[in-house]
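A.B. asks: In UniProt numbering, the protein residues as written are 1 to 188. Ideal placement from N, C-alpha and C gives every residue a C-beta, glycine not left out. Given the structure is predicted, the values throughout are model-derived calculations rather than measurements.
1. Does the segment 94 to 111 come close enough to the segment 32 to 50 to have 3 or more Cβ pairs within less than 8 Å?
2. Could you say which of 181, 179, 160 lies nearest to residue 49 if we only look at CA atoms?
3. Please confirm whether residue 118 and residue 76 have their CB atoms less than 7 Å apart.
4. Compute the Euclidean distance between the alpha carbons of residue 34 and residue 100, then round it to the nearest angstrom.
5. Report the start-end ranges of each beta strand (DSSP E) in the segment 20 to 52 that is 3 residues or longer and not cut off at the edges.
6. Say whether the segment 74 to 88 touches the segment 11 to 31, bearing in mind that this needs 3 or more beta-carbon pairs closer than 8 Å, one atom from each stretch.
7. In whole angstroms, what is the alpha-carbon distance linking residue 68 and residue 163?
8. Looking at the structure shown, is residue 105 part of a helix, part of a strand, or coil, going by DSSP?
9. Buried or exposed for residue 150, please, with buried defined as at least 16 other CB atoms from any protein chain shown within 10 angstroms of its CB.
10. Would DSSP call residue 167 helix, strand or coil?
11. If you follow the beta strand (DSSP E) that residue 85 is in, where does it begin and where does it stop?
12. Relative to the alpha-carbon of residue 57, which residue among 123, 157, 142, 17 has its alpha-carbon at the smallest distance?
13. Per DSSP, residue 55 is paired with what?
14. Do residue 123 and residue 10 have their C-beta atoms closer together than 7 Å?
15. For residue 176, does the three-state DSSP call read helix, strand or coil?
16. If distances are taken between C-alpha atoms only, which option among 54, 14, 17 comes closest to residue 125?
17. Whole angstroms are fine: how far does the CA of residue 133 sit from the CA of residue 165?
18. What separation, rounded to the nearest whole angstrom, lies between the Cα atoms of residue 185 and residue 98?
19. Which of helix, strand or coil does DSSP assign to residue 187?
Pasting the structure below:
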């Protein structure tokens with residue numbers, strides 16, 4: 001996969017989303033195992049804090065990020081969506097950019113070497129490591145592939161409370177938004 005020499009603007013700086021599926025942010029982190037590392041690519045909806053796509057892999061290849069992106073696109077609406085990431089090769093490769101463009105997703109990227117531009121992803125990874133990764137001694141890829149999906153889907157998305165969401169977990173917050181949205185439409 002070829003990386004593009006494109007540098008995209010940061011479209012999300014100082015931008016506050018007003019609903020879900022307006023801004024997704026993506027990043028990759030390392031998880032130590034006995035003989036090296038396993039990699040996790042995650043995509044978070046910054047309004048609801050829900051992890052909408054993720055992938056676990058043995059390498060940092062662009063395919064890892066593509067699997068996470070395809071998972072997110074398969075389950076969410078992408079109209080008027082901005083996808084924010086760093087300028088890593090995973091996010092600048094032709095295949096990744098093509099998927100974004102084919103789905104009408106606008107591309108936003110952090111400045112080089114500025115992790116604060118991707119603070120929502122960094123915050124999720126900090127939570128993941130403090131509440132899951134550092135509590136376990138993963139020996140193999142299989143250990144990670146078993147535990148991390150459980151943490152993301154059952155703990156983080158369904159149970160972990162977020163002060164920014166009125167002390168609700170992301171999935172409950174999204175259900176509440178959908179319920180309130182359908183009530184508003186009934187009044188129209």
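C.D. replies: Judging by the given coordinates:
1. no
2. 160
3. no
4. 35 Å
5. 23 to 33, 36 to 45
6. yes
7. 26 Å
8. coil
9. Residue environment for residue 150: exposed (fewer than 16 other C-beta atoms within 10 angstroms of its C-beta).
10. coil
11. 82 to 85
12. 142
13. 41
14. no
15. helix
16. 54
17. 24 Å
18. Any reading at residue 185 must be qualified, since the residue scores a pLDDT of 43, below 50, and its modelled position is unreliable; no value is offered.
19. Legend: pLDDT at residue 187 = 42, less than 50; position of this residue unreliable, value from coordinates given subsequently. Helix, per DSSP.
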